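In our numbering, the protein residues as written are 5 to 281.
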Amino acid sequence: MTVVSKQPRLITSGVAIVIGLFMIVATPFIVQVSLERVLKELVVVAVEQAKFASGIKLFNFFYPFWRAFIFVGGVVLLAISPAIYKQEKWTYPVSMTMYALPAIGGMFMFLPYISWVGGFPLPMVISWVGLAGFWATIFLQDKEKAEKWSQFLALTFIGMLATHAFTIGIGAQRMLWTRPGQPLYEGLQWWILTVAGEVNWIATILLVISVFLLAMRKRTGWWLAVISALAILIIDAPTQIIRTNTLDYLYGSLLALGVLLFTIPPYFKKHLIDSPS
């Protein structure tokens, strides 16, 4: 990581330490409180509407899943904070990826919370903290403004798309687990979920990897982001037409278009990746 003076070095390493501690100390408790509140509401609702019962098992698994990822990410940030202060270049993509974990995971956990619990969005605090580190790290770099803003726009949309894609996968599984006529599929509107859900999950993994590689200005990161966005757009658009009772797939399509908008045009591309030698 290249910064121009001691002050930005102190800030970036300080941010890593503070957010790393938050991810290790505070996040586990926030996740547990959020999970129990969501489950408490779902248990009541599932008595009358059995289709929501699958959410109990899914959230029981994926809330702790993201908590573990975020916890390990916090350990990484604390471990590399001395290297961040020393301006070691490799710390930039690593720290950006670690900040993406609470940003994405917190946003995912926020959605069930706001749907079932309401009130102050407790898991959103986790996402805000991750985003603060994510954006601060971008703008504290010694780079041209155009490069900073290109990374800000592209990487932010990639993170938003990754969150939405992961949540779409959860939603598809939730509906499939309680679908009528199982183990068979009663029409196109049900079996398409087996495509949309898994495609979105695979794309989520590739998008997170693309954050790491784009922070290194690697062409492979650009390709992973573009391919993931295209895959999501190609599956979400027809799924929205088939399953018109929700707008979730429309939102996924729009976010995918946002990623493509801030990666494919030559102006953004030249500020995101290094030119081939």
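Backbone N, C-alpha and C define an ideal beta-carbon position, used for all residues, glycine too.
Remember, it's a predicted structure, so these values are computed and weren't measured experimentally.
Inset, instruction - Could you tell me the distance, in whole angstroms, from the CA atom of residue 41 to the CA atom of residue 190? - result: If you number the sequence shown from 1, residue 41 lands on position 37. If you number the sequence shown from 1, residue 190 lands on position 186. Roughly 34 angstroms separates the two Cα atoms.
Inset, instruction - Measure the Cβ-Cβ separation of residue 141 and residue 117 and say whether it is below 8 angstroms. - result: Within the sequence shown, residue 141 is the residue found at index 137, counting from 1. Within the sequence shown, residue 117 is the residue found at index 113, counting from 1. Residue 141 places its beta carbon 8 angstroms or farther from that of residue 117.
Inset, instruction - Whole angstroms is fine: what's the gap from residue 92's alpha carbon to residue 193's? - result: Within the sequence shown, residue 92 is the residue found at index 88, counting from 1. Within the sequence shown, residue 193 is the residue found at index 189, counting from 1. C-alpha separation (whole angstroms): 51 angstroms.
Legend entry - Environment of residue 154 [buried if 16+ CB atoms lie within 10 Å]: Residue numbering aside, residue 154 sits at position 150 when the sequence shown is read from its first letter. By the neighbour-count rule (16 or more Cβ atoms within 10 Å), residue 154 is buried.
Inset, instruction - Could you pull the start and end residues of the alpha helix (DSSP H) that residue 111 belongs to? - result: Along the sequence shown, one-based indexing puts residue 111 at 107. Start and end: 95–120.
Legend entry - Simplified DSSP assignment, three categories, for residue 55: Indexing the sequence shown from 1 puts residue 55 at position 51. Three-state DSSP puts residue 55 in a helix.
Legend entry - residue 225 vs residue 214 beta-carbon contact at 8 angstroms: The sequence position of residue 225 within the sequence shown is 221, counting from 1. The sequence position of residue 214 within the sequence shown is 210, counting from 1. Contact flag set, yes.
Inset, instruction - Report buried or exposed for residue 257, applying the criterion of at least 16 other Cβ atoms within 10 angstroms of its Cβ. - result: Here residue 257 is taken as the residue at index 253 of the sequence shown, counted from 1. Label assigned to residue 257: buried.
Legend entry - residue 248 classed as buried or exposed, judged by whether at least 16 other C-beta atoms fall within 10 angstroms: Sequence index remark: in the sequence shown, residue 248 carries index 244 (1-based). Looking at its Cβ environment, which holds fewer than 16 other Cβ atoms inside 10 Å, residue 248 is exposed.
Inset, instruction - Measure the alpha-carbon distance for residue 53 versus residue 210 and round it to whole angstroms. - result: Residue mapping note: residue 53 aligns to position 49 of the sequence shown, counting from 1. Residue mapping note: residue 210 aligns to position 206 of the sequence shown, counting from 1. Residue 53 and residue 210: Cα-Cα distance of roughly 35 angstroms.
Inset, instruction - Select from 95, 218, 76 the residue whose C-alpha is nearest the C-alpha of residue 151. - result: Looking up residue 151 in the sequence shown gives position 147. Ranking the options by Cα distance to residue 151, first place goes to 218.
Inset, instruction - Locate the alpha helix (DSSP H) running through residue 143, then write down its first and last residues. - result: Against the sequence shown, residue 143 aligns to sequence position 139. It spans 128–143 - the alpha helix (DSSP H) in which residue 143 sits, taken as one unbroken run.
Legend entry - Burial state of residue 34 (16 or more Cβ within 10 Å): Sequence index remark: in the sequence shown, residue 34 carries index 30 (1-based). So residue 34 counts as buried.
Legend entry - Where residue 273 sits in the DSSP three-state scheme: Position 269 of the sequence shown holds residue 273. Helix at residue 273.
Inset, instruction - Select from 273, 78, 138, 62 the residue whose C-alpha is nearest the C-alpha of residue 113. - result: If you number the sequence shown from 1, residue 113 lands on position 109. Nearest option by C-alpha distance: 62.
Inset, instruction - With distances taken Cα to Cα, identify the nearest neighbour of residue 170 among 244, 38, 108, 64. - result: Within the sequence shown, the letter at position 166 stands for residue 170. Of 244, 38, 108, 64, the residue nearest in Cα terms is 108.
Legend entry - Helix, strand or coil at residue 5 [DSSP, three-state]: Along the sequence shown, read from residue 1 onward, the residue named residue 5 stands at position 1. Bear in mind that the predicted position of residue 5 carries a pLDDT of just 44, short of 50, making it unreliable; the figure below should be weighed with that in mind. Coil at residue 5, not helix or strand.
Legend entry - Buried versus exposed call for residue 138 [16 or more other C-beta atoms within 10 Å across all chains shown]: As a first step, residue 138 is located in the sequence shown; it is residue number 134 there, counting from the start. Classification for residue 138: buried.
Inset, instruction - Would you be able to state if there are at least three C-beta pairs under 8 angstroms between the stretch 43–60 and the stretch 78–93? - result: no
Inset, instruction - Look at the alpha carbon of residue 168 and the alpha carbon of residue 71, and state the distance between them as a whole number of angstroms. - result: If you number the sequence shown from 1, residue 168 lands on position 164. If you number the sequence shown from 1, residue 71 lands on position 67. Going from the Cα of residue 168 to the Cα of residue 71 covers about 18 angstroms.
Legend entry - Length of the line joining the Cα atoms of residue 207 and residue 264: Counted from its first residue, the sequence shown places residue 207 at position 203. Counted from its first residue, the sequence shown places residue 264 at position 260. Rounded to whole angstroms, residue 207 to residue 264 spans 14 angstroms at the Cα level.
Inset, instruction - Spatial neighbours of residue 111 within its chain, please: CB distance less than 6 angstroms, with the 5 preceding and 5 following residues excluded, ordered by chain position. - result: Residue numbering aside, residue 111 sits at position 107 when the sequence shown is read from its first letter. So the qualifying residues of the chain are 131, 167.
Inset, instruction - Compare the C-alpha of residue 275 against each of 133, 13, 147, 99 and name the closest. - result: Residue numbering aside, residue 275 sits at position 271 when the sequence shown is read from its first letter. The candidate whose alpha carbon is nearest that of residue 275 is 147.
Inset, instruction - Report the rounded CA-to-CA distance for residue 88 versus residue 204, giving the unit in angstroms. - result: Sequence index remark: in the sequence shown, residue 88 carries index 84 (1-based). Sequence index remark: in the sequence shown, residue 204 carries index 200 (1-based). Distance between the alpha carbons of residue 88 and residue 204 is about 33 angstroms.
Legend entry - For residue 169, the first and last residue of its enclosing alpha helix (DSSP H): If you number the sequence shown from 1, residue 169 lands on position 165. Counting along the chain, residue 169 sits inside the alpha helix (DSSP H) bounded by residues 149–181.
Inset, instruction - Can you grab the Cα-Cα spacing for the pair residue 255 / residue 39, in whole Å? - result: Indexing the sequence shown from 1 puts residue 255 at position 251. Indexing the sequence shown from 1 puts residue 39 at position 35. Cα to Cα, the separation comes out at about 25 angstroms.
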